[in-house]
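J.:
There are 2 protein chains.
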Amino acid sequence: MTFREDAQAAVEWAARYLEQVGDYPVLAQVEPGELRAKLPAAPPEEPEPFADVLGDLDELLLPAMTHWQSPRFFAYFANTASEPAILAELLIAATNQNGILWRTSPALTELELHVADWTAQLLGLPSGWHGHIEDSASTSTFAAVIAARQATGGGAVVCSEHAHSSVEKAARMLGLDVRKVPVDREFRLRADALDLADAAVCVATVGTTSTTSVDPVAAIADACREAGVWLHVDAAYAGAAMVCPELRWAFDGVDRADSLVVNPHKWLLTPMDCSLLWTSRPVDFRAAFSLVPEYLRTPDAADSLGDYGPALGRRFRSLKLWTVVRCYGRAGLQRMIREHVRLAELFEAWVRDEPGWELCAPRPFSVVCFRRDGSNEENERLLAAVNATGEIFISHTKLDGRYVLRLAIGNVRTTEDDVRRAWDVLRREAAAL
Amino acid sequence: MTFREDAQAAVEWAARYLEQVGDYPVLAQVEPGELRAKLPAAPPEEPEPFADVLGDLDELLLPAMTHWQSPRFFAYFANTASEPAILAELLIAATNQNGILWRTSPALTELELHVADWTAQLLGLPSGWHGHIEDSASTSTFAAVIAARQATGGGAVVCSEHAHSSVEKAARMLGLDVRKVPVDREFRLRADALDLADAAVCVATVGTTSTTSVDPVAAIADACREAGVWLHVDAAYAGAAMVCPELRWAFDGVDRADSLVVNPHKWLLTPMDCSLLWTSRPVDFRAAFSLVPEYLRTPDAADSLGDYGPALGRRFRSLKLWTVVRCYGRAGLQRMIREHVRLAELFEAWVRDEPGWELCAPRPFSVVCFRRDGSNEENERLLAAVNATGEIFISHTKLDGRYVLRLAIGNVRTTEDDVRRAWDVLRREAAAL
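Sequence lines, in order, name chains A and B. Per our numbering: the first sequence = residues 1256 to 1688. Per our numbering: the second sequence = residues 1256 to 1688.
#1: Alpha carbon to alpha carbon, how far is A:Glu-1594 from A:Arg-1440?
#2: In or out: B:Ala-1500 buried (at least 16 other Cβ within 10 Å) or exposed?
#3: Alpha carbon to alpha carbon, how far is B:Glu-1603 from B:Ala-1687?
#4: Count Cβ pairs between the region 1420-1427 of chain A and the region 1554-1567 of chain A that sit closer than 8 Å; are there 3 or more?
#5: Can you find a CB in chain B that lies within less than 8 Å of the CB of A:Leu-1660?
#6: Look at the Cβ atom of A:Pro-1548, then the Cβ atom of B:Ser-1420, and state whether they are nearer than 8 Å.
#7: Grab me the residues of A:Gly-1611's own chain with a C-beta within less than 7 Å of its C-beta, minus the 5 sequence neighbours each way, in chain order.
#8: Of the residues A:Thr-1321, A:Arg-1358, A:Val-1579 and A:Leu-1486, which one's Cα is nearest the Cα of B:Pro-1302?
#9: Quick one: Cα of A:Ala-1392 to Cα of A:Asp-1528, how far?
#10: Identify whether B:Ala-1330 lies in helix, strand or coil by the three-state DSSP scheme.
#11: Less than 8 Å between the C-beta atoms of A:Trp-1504 and A:Leu-1380, yes or no?
#12: Can you tell which of B:Asp-1453, B:Cys-1615 and B:Gly-1584 has its C-alpha closest to the C-alpha of B:Leu-1378?
#13: Ignore the nearest five residues each way along the sequence and tell me which others in B:Ser-1545's own chain have a CB closer than 6 Å to its CB.
#14: Restricting to runs no shorter than 3 residues, where is the beta strand (DSSP E) found entirely within the region 1496-1522 of chain A?
#15: Does DSSP put A:Val-1596 in a helix, in a strand, or in coil?
#16: Could you name each continuous alpha helix (DSSP H) segment of 4 residues or more that falls completely within the region 1351-1383 of chain B, going from the start of the chain to the end?
#17: Using beta carbons (cut-off 8 Å, strictly below), is B:Leu-1546 in contact with chain A?
#18: Could you work out which residues of chain A lie near B:Lys-1435, taking near to mean beta carbons separated by less than 7 Å?
#19: Which word fits B:Asp-1261, buried or exposed, when buried means at least 16 other C-beta atoms lie within 10 angstroms of its C-beta?
#20: Which bits of chain B does A:Ser-1421 rub up against, with CB to CB less than 8 Å?
#21: If you draw a straight line from the C-alpha of A:Val-1308 to the C-alpha of B:Thr-1257, how long is it?
#22: Out of B:Ala-1557, B:Thr-1396, B:Arg-1552 and B:Val-1674, which has the shortest C-alpha to C-alpha gap to A:Arg-1291?
#23: Report the residue from B:Ala-1371, B:Gly-1483 and B:Ser-1621 whose alpha carbon sits nearest the alpha carbon of B:Ala-1452.
#24: Taking the beta carbon of B:Asp-1539 as the centre, do at least 16 other beta carbons fall within 10 Å, making it buried, or is it exposed?
#25: Grouping DSSP H, G and I as helix and E and B as strand, with all else coil, what is A:Glu-1646?
#26: Look up B:Tyr-1492 in the DSSP assignment and give the residues it is bridged to.
#27: Quick one: what does DSSP say B:Glu-1441 is sitting in, helix, strand or coil?
#28: Roughly how many angstroms separate the alpha carbons of B:Ala-1399 and B:Cys-1457, rounded to a whole number?
#29: With H, G and I counted as helix, E and B as strand and the rest as coil, what does DSSP make of A:Val-1285?
#30: Report yes if the C-beta of A:Arg-1358 is less than 7 Å from at least one heavy atom of the ligand MG; otherwise report no.
#31: Counting contacts by CB-CB distance shorter than 8 Å, is B:Tyr-1331 in contact with chain A?
#32: Is the beta carbon of A:Leu-1662 closer than 8 Å to that of A:His-1651?
#33: Which same chain residues end up closer than 7 Å to A:Gln-1589 when comparing Cβ atoms and leaving out the 5 residues on each side of it in sequence?
#34: Which residues does DSSP list as the beta-bridge partners of A:Tyr-1658?
#35: Just the chain A side, please: which residues come within less than 7 Å of B:Asn-1353 by C-beta, in chain order?
#36: At 4 residues or longer, and completely inside the region 1525-1571 of chain B: list those alpha helix (DSSP H) runs for me, N to C.
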C-alpha cells in the first residue's frame, strides 16, 4: 500500500505551497485556453503514479491558479483555508461520510447541528435556531426563498439594488419577480422605499458585496412582520464579525430574521465550501424540502438534514468547521477579525490622506472602496495594471456610475507589510499611467 | 509552524482508518442524540491543539459513523473514496481555489471542462457536449429541470414511478407539476404510457434507485423529440458502467439526451461530492443561469462555470476526478466495474439457488434485489437484525407492495469473501428469527 508514501508527498506539496504562496503572482498570468492546450486530449488507458499528478500540479496547474491563499489576495472577499481545516478535509475525504439520513452518518448529522449551535453562540444569535450547512450562500439564499414562498404564498422577492446577484438568480430560477429597492447615499436599502405587496421574502444584507454596506435590518424586520413577509438576512461575508461584540451594532435586528446565511468559508478560516444557514422556522423548511421515498424510510426517531435544503446527500463539512472552532477558539477568531479590521482602517486612512485619491463608501468591516481621481477608464486601466504586476490582486465595482476599486482584507496571512505593499503598488502604477 | 507535524498525525489517522475500517460495525450502533450529549454544549474560548480534535474523532465521532468505506457497506449505492482522490482533497483544500469566474481560477475552470471531456470519452458519450461538476445529482437534475423549463416553456416534469425522489423534489421546489408514468414488470418506464402534453422535461433513468432498472431511453427520446420536450437522463449510479463496452447496451439512446447526470462519487472512486452534468444544449443552460453583476465583470474572453448552474462559487472538485482518472486509467476503472458486476452476479446466483429466498428484480449492474419468503414484517425484521450485527449494512425498498432487501456492491475493497459473509449473515439471521 502506497498511501502513506503518497500522502507524505501530498503533505509536503501542501506545506511548501503554503510557505511559498506569497511568492507567486496572485492573479494567474495566463490566457484563456492556455492550460487546456497543455493537457492531453485523451484520458490515460493505464494507471499512472500519484507522483505524476503532483508533478503536473506543479508544472501545469500552478501557473494557472489565482492564489486565494496569498497574503496579497485583496479581491472580492478575501478568505483563508486554515491549516487545521485543510487537514480536516483530508479526514472528511478519508471517512467519506454521506449524510443522506441520520443513520447513514449519525456523526455527520449531529455534529452539523452541534457546530451550527456553537457558531450561533459565538455570533450571539438567539438560542433555539435550527442551523445546517449548505455549499454556498447562493444555495442558502435559494433555499430560504423556496421555504419563504411556500410559507407565505407570496410571489415576489424584494431586496436592495446592492443585494448579491444570487438573490436575483434565485428568483429567476424559481420564476419569481424580483423587486429592487433603492439605496441611500451610503448604499443601504431605503426602508422608506420598501414595497412588500405580494412579496414572499425580503432579503436584507449586512455587508453587501460592493461596499459591505449594512441594510437597516431592524426597520426591515418591522415592515416584514407587518406585511407577513419572510425576512432573510444575507451576512455571508460580514456575519463572522459578530464574533466581536464591538461590531455587533451592524447586526441590530438580525435576531428577528426568519433565516440567516453566514459563510465560514469567507471570513471564518474554513476551506471552500461551507455556508451556514440558520432559521427560526425549521417547520417551514421541512415543509418545503422533506420528501422521504420508501427506499429512504427508517425507523430512526431523528431528523435528516436533507429535509432542510435542496440536496439529499451531503459531505462531512461540519468536521472542518468544528476543527476551526476548536483550533482557534473564540479568542483566536476575534483576534483575526480585529486585525483585519485594523488593517482596513489603516489602508482607509492612507487613501484619505493622499491627494489625488478618494474614499467612495463607508468602511464598516475590512473592505475599502476607493478610486484615483480621474475617469472610469483611467481607474479601469489602473486596476488592470495593478493586477498584471502579480504583486497584488484587487477587484472593482461601480457606484453611482463611477468605477471604484475595492481592497478586501480577509486572509489570515496578510500583514501590515502586505497592505502597505498594496498601497505602494497602487500609487506606483497610478503614477506610471 | 506545526502544519507538517499535525499533517503527519492526520495522515496516520487516515491510513489506519482505511486499514481498519473493515473491523468496525458498518452501521453506527448508536441512538439518536447520543453523540450530541457527549459534546461540550459551548464552543471553546481559547485555541486547542489539533491533536485534541484527532483524539475526539477517535473517541466520540468514530462510534457514531456509519462506515461507507467498509468493504461490507452494501446499502443504497455503495461507493469508494479512493486513496489518490483522498489526497487530492487535501490539495484542493490547501490551494482553496474558488471558481467564481475564469480569472479567479483558470486552473479550476479549465480542468473542470477538460476532465468532463475526458470522462465523456471514457463513457463513450458524443463529442462536443458541455460538461461541468455539481455537488450532487439532486442539484444536477434540478439544474437540468430549470434549463428545460426555460428552454421549452413547458410546465410539468414527467418521470417514471421509480425515478429518484430528487426529480419530484426539483419539481416541488420550482412549483411545477410532476407526472409519474407507470412501469412495466421489470420496473422500466412504460413508453406506451408516456404523456408529454405540457411537459417541460422528461427524466429517464438508467439504473433506478430501487432496482437499477433501465428505462427505454431510445423510445423516450423519440417521444421527447416529437413533443419538443427536454430529455434529461439520470444515470447517477449506473453511468459509470459505460466505461465497459459490454455494458453499454443499457445506455442505448443516451446520446440523444439534452442533459445527463453521472456521479463519480458513486461508482467512480471519487469522494463526496462530485456530480457530472453534461448537456448538448449549453446555450440553454447559459440562458437559464448566467447573470453577471458589475463586481464580477472582467475583460476575459472565457466562460465562467457559474453560468451553467445554480451556484456562483465552486471548489476545485475537478482535481480529485482528474486524479482518479490518472491513477486508475480506463483499464483500472473497467477492472473495478467488472469485478463489482461479477460479485453481484455471484450473490444473485446464491439467492436463486437457495430454497426459501427469491430474487425480486433483474440485475443489470451491481445491485441485487431479493427477499426471504414470508411477510413484509418478517423481511423488515430480518433487515433490522442483519444491520444490528454490524457485520454488514444493507437497505431495502418496496416493489409492488412487497418489502424487498437490496445488496449494493460498489466499494473497491469489497472481495468475494465479503459478499459471501453477507450471504452467511443473512441466512444465519433469517434462521434465528
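In this text, a Cβ means the ideal position worked out from N, Cα and C, and glycines have one as well.
T.: The relevant details are as follows:
#1: 28 Å
#2: For the record, residue 1500 of chain B in the displayed sequence is Pro; it is not Ala. By the 10 Å Cβ count, B:Pro-1500 comes out exposed.
#3: 22 Å
#4: No, the region 1420-1427 of chain A does not touch the region 1554-1567 of chain A.
#5: no
#6: B:Ser-1420 is positioned such that its CB atom lies closer than 8 Å to that of A:Pro-1548.
#7: Arg-1627 and Asp-1628
#8: A:Val-1579
#9: The C-alpha of A:Ala-1392 lies about 10 Å from the C-alpha of A:Asp-1528.
#10: coil
#11: no
#12: Minimum Cα distance to B:Leu-1378 is reached at B:Gly-1584.
#13: Excluding five sequence positions before and after B:Ser-1545, the CB atoms of its chain that fall closer than 6 Å to its own CB belong to Asp-1562, given in chain order.
#14: 1514-1517
#15: A:Val-1596: helix per DSSP, three-state reduction.
#16: 1361-1378
#17: yes
#18: Within 7 Å Cβ-Cβ: nothing; B:Lys-1435 doesn't reach chain A, min ~12 Å.
#19: buried
#20: Leu-1567
#21: Taking the straight line from one Cα to the other gives about 26 Å.
#22: Nearest to A:Arg-1291 by C-alpha distance, out of B:Ala-1557, B:Thr-1396, B:Arg-1552 and B:Val-1674, is B:Ala-1557.
#23: When each option's Cα is compared against that of B:Ala-1452, the closest is B:Gly-1483.
#24: buried
#25: coil
#26: When DSSP reads this structure, B:Tyr-1492 sits in no beta bridge, so it has no partner.
#27: coil
#28: 10 Å
#29: If DSSP states are grouped into helix, strand and coil, A:Val-1285 belongs with coil.
#30: The model on display carries no ligand, and the ligand MG is accordingly not part of it.
#31: So yes, B:Tyr-1331 belongs to the interface.
#32: no
#33: Closer than 7 Å at the Cβ level, and outside the excluded window around A:Gln-1589, lie Val-1498 and Cys-1499.
#34: A:Lys-1653
#35: Trp-1323 and Met-1527
#36: 1537-1544
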